[in-house]
Amino acid sequence: MTTPILGQNLVAGEWLAHAADFASTNPANLAEVVGHFPSTNPSTVAQAVAAARQAFPTWRRMSRIHRADCFHRLGALIERDTDALATLMSRECGKILNECRAEVVEGLHMVQYVFGTGRMPIGDVIPSEIAEKDAFVRRKPRGVVGVITPWNFPFAVPLWMLGPSLLEGNTAVFKPSEETPAIGQRLVELFVEAGFPAGTINLVHGNGSVGEQLVQNADVNAILFTGSSAVGQRIQQISAGFTDRIVAAEMGGKNAVIVCDDADMKLAVPAAVLSAFKTTGQRCVSASRILVHKSVAAEFIQGFIDTVHRIRFGDPFDPTSFAGPLINRKAVEKTLMYNGLAKAESLDMIFESREFAPQPGCFVTPCVYAIRDNPNSRCLKEEVFGPHVAIVPFDDDEHAARIANATDYGLSLAVITESYRKMRFFREECEYGLGYVNLPCIGAEVHLPFGGVKKSGNGHPSAAGLVEAITHKYAWTVNHGTGIVMAQGMSAEVA
Ligand code: UN1
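My numbering applies: residue 927 is where the sequence shown begins, and numbers increase by one.
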C-alpha cells in the first residue's frame, strides 16, 4: 500500500503544514487511505485571499503572452506525469483508469487551449459615429477568483476554471473537493513547478465550511463553482450581498437521451449506455432518462439489456471494468433510495440494483426500469448521480420534448435520429446547454462553452465561455481629430 499523502495548504508560495483533520479514502476500498488533510481555518482562508490580492497587480501587468508561457510549461509537466496523475485520481475518486487518463488529457487540452489563446485577439475595434474617433472594447481581469470544484472531475474541471482565469490576469484561491484533495494538491504542485509566481494560485483544503469562508470574503471578485444545485444557490445568495461579485455556477442535470422512431439502433444503444453508465452515472452530464418512441421501444430495450448484461462494474484498475464504484457511502444510500422510489413507480423493473463488495467499497450494480411519463415522479425529475436509468416511452416528438423539459435542470441532451427535421425540432424546443446528435450526452470538449440553463446553472464557469465571467469589458474611445465632435448630433460648443 502506498504511503498516505500529507495534505498541505499553499498560501503566498509557502506550503503550510497543519494538523490533519480528515482522510481521503479510496472508494473502491475504503480501508485504503490516500492522504490526510487539514480543514483550513478561517484565518488561513483570509490569508490565502490576501496573498492572491497581493500577487494580483504584478501578475495582471505581465504580458498576456508571458502568462500563457507558464501554461506551456504546465502542459509539459502534465504530459510527463500523465500516468501517475491518472493512477492517483483513480485511487482517490474510483473512476476507471482509462477514464482518469482521459480526464488528465482533458485537463491538458485546457492548458493547451489557454496557451494558444495567449496569442489570440482579446477585444474588438468598433466603428464610431464620428470618423475621427476609434472605439475599442477591451477586457481587464476581475481580480481574485475563488475556485470551488467537485470530486467527479478533480483535475480537468479545476483547470477549466484556473486556466482561463490566470491567463487573463486574475489570481486564484482554489478549494478542491474534500473527496479528492490529493489530486487537487498534486495539480497545484505542478502549477508551482511550472513557475507560476507565489500568490497567483493558493490552495485551501476542506469541506463546505471552508468554501463558505471563501465565498463570505468580500475581497473575492468572482466565484467559479461546479457542484450541487443547493450549494450553488447558497453561493449565489451570499454573493448577492457583494455588488461587484460575479458567480459562474454549473450545478448538475437530469439529462435525457431521446431515441426517435427512425433511430439507428447501432448508435442508439451504445449512446444510451455510455450516457447512463460511464463514470457510474456520476457526471453532471450523465443521462438518467432514456426517452424512446413507443414504436421502437421493444427493440431498443432488448439491445440496451443485452449491452448492460455485458458491461462490468468493478475494480477501477481492472482493464475489463466499464465503470467503478460510487464516490462514498452517502452516494450509495442516495442511489439506493432513488432505486427504491423507482421500484414503487415503475411499470417494469428491468435490472434491480444491488450492492456488491469486491472490497469494502461503494459498489452498486445498475438500476434500469421502464416507467410511464409522470411529471410528479421524483426519480424522473431529481438528479440521482448514480447508475440509475428510467426508460420512458413517448408517443410523438412533441411529447418527447415535453418530457425532456419536465425537470428543473437543463444541462445536456442527446437526440438519436436520421432526420434533420427532428434534430432541428429538438434543438429548438428543448432546454439544455450541451446538445448532441447521434452521440452520447457526455464527452464535451474544452474549447466549447460548457454549462446549462435553469437549475443547471449560469455563467458557463468553464472553458471557452469563461472569459465573460473572469474579465470585465470596458469601452475605450480615442479622438484623433483636432477638435471635439460629439455623437448623437450633440453640440460641442462651450462658449
Ligand atoms: C461533469 O460531469 O461534471 O462532458 C463534467 C463531459 C466531460 C465533463 C463532464 N468532458 O462528459
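Even for Gly, the Cβ is constructed at its ideal location relative to N, Cα and C.
- Using a 10 angstroms sphere on the CB of Lys1021, the tally of other CB atoms reaches 16 or more, which defines it as buried.
- For Asn1078, the closest C-alpha among the options Lys1101, Thr1152, Tyr1039 is that of Thr1152.
- Straight across, the Cα-Cα distance linking Ala1223 with Val1234 is about 16 Å.
- Counting only the Cα atoms, Val959 lies some 37 Å from Asp1334.
- Residue burial annotation: Leu1093 is buried, with at least 16 other C-beta atoms found within 10 angstroms of its C-beta.
- In this structure the segment 1122 to 1130 touches the segment 938 to 945; the number of beta carbon pairs closer than 8 Å is three or more.
- A Cβ-Cβ contact shorter than 7 Å links Gly1089 with Met1036.
- A direct Cα-to-Cα measurement between Asp1274 and Phe948 gives close to 42 Å.
- Within the same chain, Thr1075, Pro1076, Thr1152, Ser1388 come within 8 Å of Val1083 by CB-CB distance, once the 5 residues on both sides are set aside.
- If you draw a straight line from the Cα of Gly1409 to the Cα of Glu1419, it is about 11 Å long.
- Pairing Leu1200 with Gly1179, the inter-Cα distance amounts to about 16 Å.
- In the three-state reduction of the DSSP assignment, Asn1147 falls in the coil class.
- In this structure, the C-beta of Ile1368 approaches the ligand UN1 to less than 6 Å from one of its heavy atoms.
- For Asn935, the secondary structure class from DSSP, reduced to helix, strand or coil, is strand.
- The segment 1244 to 1253 makes no contact with the segment 1354 to 1363: fewer than 3 CB pairs, one atom from each, lie closer than 8 Å.
- Ser950 is bridged by DSSP to Gly961.
- In terms of CA proximity to Gln1285, Pro1242 leads the group Pro1242, Trp985, Pro1313.
- At a Cβ-Cβ threshold of 7 Å, Ala974 and Val1099 count as neighbours.
- Distance from the CA of Ser1417 to the CA of Val1411, rounded to the nearest whole angstrom, comes to 8 Å.
- Note that the C-beta distance between Met1177 and Ser1338 is not below 7 Å.
- Take the alpha-carbon of Val1290 and the one of Pro953: they are about 12 Å apart.
- Considering only Gly1407, Val1393, Phe1282, the residue with the shortest C-alpha distance to Trp1086 is Val1393.
- Between the alpha carbons of Asn1331 and Asp1322 lies a gap of roughly 15 Å.
- Distance from the C-beta of Val1211 to the nearest heavy atom of the ligand UN1 is below 6 Å.
- Counting only the Cα atoms, Val1031 lies some 35 Å from Arg1347.
- Per DSSP, Lys1101 lies in no alpha helix (DSSP H); the unbroken beta strand (DSSP E) holding it starts and ends at 1097 to 1101.
- Phe1226 is the residue among Ser1054, Ser1016, Phe1226 whose C-alpha sits nearest the C-alpha of Lys1192.
- If you check the C-beta of Phe1248 against the ligand UN1, you find no heavy atom less than 6 Å away.
- By the Cβ neighbour-count rule, Lys1399 is exposed, with fewer than 16 other Cβ atoms within 10 Å of its own.
- Look at Trp1086 here: in three-state DSSP terms it is helix.
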